[in-house]
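Sequential numbering from 292 applies to the sequence shown in this note's numbering. Even for Gly, the Cβ is constructed at its ideal location relative to N, Cα and C. Taking it in order: structure first as structure tokens, then the write-up.
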Amino acid sequence: MTAALIDGKALGAALRARVAEDVRQLKESRGITPGLAVVLVGDDPASEIYVRNKEKAVAEAGMASFPHHLPANTSQDELLALIGRLNADAAVHGILVQLPLPETMDAGTVLMAVDPRKDVDGFHPVNAGLLASGRPGLAPCTPLGCMRLIQEVESQPEGLNAVVVGRSNIVGKPVAQLLLAANCTVTIAHSRTRDLPDVCARADILVAAVGRPQMIKGSWIKDGAIVIDVGINRIARPGGQSGLTGDVEFDAAKERARAITPVPGGVGPMTIACLMANTLKAAKER
Ligand code: NDP
């Protein structure tokens with residue numbers, strides 16, 4: 292079997308277009324323009340690219356953008372004061388603090404300061420708790436994107452065996468919660484998991500969120516599985532150039548899977564689209 296490619300670029304663009312249309316209607320019917328504040332501290336080149344892409348998507352969706360690019364020597368108190376002002380600003384419906392923060396700051400403290408109703412990244416413990424208890428809230432964008440990609444292939448994943456490799460708070464755990472909410476039978480694997488190939492081989496749905504280039508081998512993939520590759524790893528290519536690759540050995544995996552996401556062009560574009568959808572949701576709920 293050669294897998295169908297799950298085109299995150301096209302699906303993300305379609306979702307963003309739907310969000311833009313909803314934004315237009317919200318402006319027209321209620322005079323509300325959803326607004327997103329993106330806070331960047333320091334000059335990490337990768338973060339600068341992510342933030343630029345997010346701000347571009349905000350503009351394209353017809354939302355209001357509130358960029359705050361702060362120098363690397365900003366103190367945590369100054370950042371917390373800014374977040375306090377954004378929490379109180381009625382024109383700001385979503386607040387995103389780009390990670391990683393400088394080492395002088397405690398990311399947990401900073402993320403806790405964001406009003407959970409404006410926490411469009413879904414990282415606040417209140418939103419994590421709402422997700423874990425199956426109640427409505429703002430779920431993290433990458434896991435939401437993974438679910439949309441899975442449901443594009445299998446609209447009713449109920450009863451399927453889902454294996455999530457990775458247990459971070461921002462990807463692995465929330466993906467697992469969302470799969471559980473969709474009535475999958477969920478296994479979470481991590482660096483201490485014994486016999487990972489065997490665990491992966493049982494997956495009807497495999498989500499790889501590890502951050503190790505091509506660690507998940509094609510031979511571990513169950514025939515007909517849906518494979519969602521969250522990993523983004525920069526690798527050297529012949530000729531001295533660098534490129535991106537996922538956590539899954541794509542060429543071999545696609546010979547066994549039923550559907551698979553490419554890297555780049557899979558989960559990444561869905562993450563930004565879901566950020567737009569979360570900002571719209573936060574604006575509608577205020
Ligand atoms: P973390 O580093 O926070 O978590 C990695 C997880 O992988 C951990 O739970 C770790 O286990 C597990 N792990 C590490 N080594 C192994 C191993 N040998 N076998 C099994 N499990 C292992 O990463 P993130 O969750 O933040 O991100 C994961 C990947 O997803 C990265 O490549 C990141 O760049 C990418 N990413 C992509 C996004 C997108 O929009 N496409 C958004 C966010 C992330 P343990 O807990 O035991 O240490």
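Would you please verify whether the beta carbon of residue i is less than 8 Å from any beta carbon of chain D?
| i | result |
| --- | --- |
| Gln442 | You won't find chain D in this structure, because it holds only one protein chain. |
Can you tell me which of the options puts its alpha carbon nearest to the alpha carbon of residue i?
| i | options | result |
| --- | --- | --- |
| Arg493 | Ser459, Arg503, Val454 and Asn524 | Val454 |
| Pro358 | Glu346, Ser366 and Asn364 | Glu346 |
| Ala380 | Leu327, Val401 and Met354 | One detail in the question is off: residue 380 reads as Asp in this sequence, not Ala. Of Leu327, Val401 and Met354, the residue nearest in Cα terms is Leu327. |
| Gly534 | Arg525, Ala500 and Glu540 | Arg525 |
| Glu540 | Leu469, Gly522 and Gly531 | Gly522 |
| Phe414 | Ala350, Ser338, Val383 and Asn569 | Asn569 |
| Val388 | Val330, Gly515 and Ala516 | Val330 |
| Arg577 | Ile479, Asp313 and Lys409 | Lys409 |
| Leu422 | Val314, Val501, Ala301 and Lys464 | Lys464 |
| Ala301 | Ile386, Val411, Gly559 and Val466 | Gly559 |
| Asp495 | Thr478, Ala543, Thr365 and Met506 | Thr478 |
| Cys432 | Pro391, Leu317 and Asp412 | Asp412 |
| Gly425 | Lys318, Gly457 and Gln468 | Gln468 |
| Ile517 | Met396, Ala527 and Gln447 | Gln447 |
| Pro282 | Ala355, Thr536 and Gly399 | Because the chain spans 292 through 577 in this model, residue 282 falls outside it and cannot be assessed. |
| Glu288 | Gly557, Lys545, Asn378 and Ala573 | In the structure as shown, the chain begins at 292 and stops at 577. Residue 288 is therefore absent and cannot be evaluated. |
| Trp511 | Cys475, Ser338, Ala548 and Gly530 | Ala548 |
| His481 | Leu470, Arg503 and Asn474 | Arg503 |
| Val456 | Asp489, Asp406 and Gln367 | Asp489 |
| Met567 | Asn378, Arg307, Ile297 and Ala295 | Arg307 |
| Thr395 | Glu369, Asn418, Val314 and Gly375 | Glu369 |
| Ala295 | Ile551, Pro555 and Ala574 | Ile551 |
| Thr400 | Ala372, Pro555 and Val383 | Ala372 |
| Ala573 | Ala472, Gly303, Gly428 and Val501 | Gly428 |
| Pro336 | Ala473, Gln367 and Ala363 | Ala363 |
| Ala404 | Leu377, Ala382 and Asp313 | Leu377 |
| His360 | Ala352, Val466, Val342 and Gly375 | Val342 |
| Arg439 | Lys575, Glu312 and Ala564 | Ala564 |
Which of the three DSSP states, helix, strand or coil, is assigned to residue i?
| i | result |
| --- | --- |
| Leu390 | coil |
| Ile323 | coil |
| Asn460 | coil |
| Gly450 | coil |
| Leu331 | strand |
| Ala294 | coil |
| Asp380 | coil |
| Pro237 | Summary: the structure shown does not reach residue 237, with the chain confined to residues 292 through 577, and so no result is reported for it. |
| Asn569 | helix |
| Arg577 | coil |
| Ala473 | coil |
| Glu312 | helix |
| Glu445 | coil |
From the DSSP output, which residues share a beta bridge with residue i?
| i | result |
| --- | --- |
| Ile479 | Val455 |
| Leu435 | Paired residue(s): none; Leu435 is not in a bridge. |
| Gly385 | Leu327 |
Jot down the residue ranges of each uninterrupted alpha helix (DSSP H) in the segment 485-558, minimum 4 residues, whole runs only, in chain order. Runs of alpha helix (DSSP H) with 4 or more residues, each lying fully within the segment 485-558, are found at 487-492 and 541-544, listed in chain order.
Please list, following the chain, all residues that have a C-beta closer than 5 Å to any non-hydrogen atom of ligand 1. Thr433, Gly457, Arg458, Ser459, Val462, His481, Ser482, Ala500, Val501, Gly502, Val521, Gly522, Ile523, Val558, Gly559 and Thr562
Taking the runs of the beta strand (DSSP E) that are 3 residues or longer, which of them lie wholly in the segment 338-374? 355-361
Give the list of continuous alpha helix (DSSP H) stretches no shorter than 4 residues that lie fully inside the segment 396-421. 398-404
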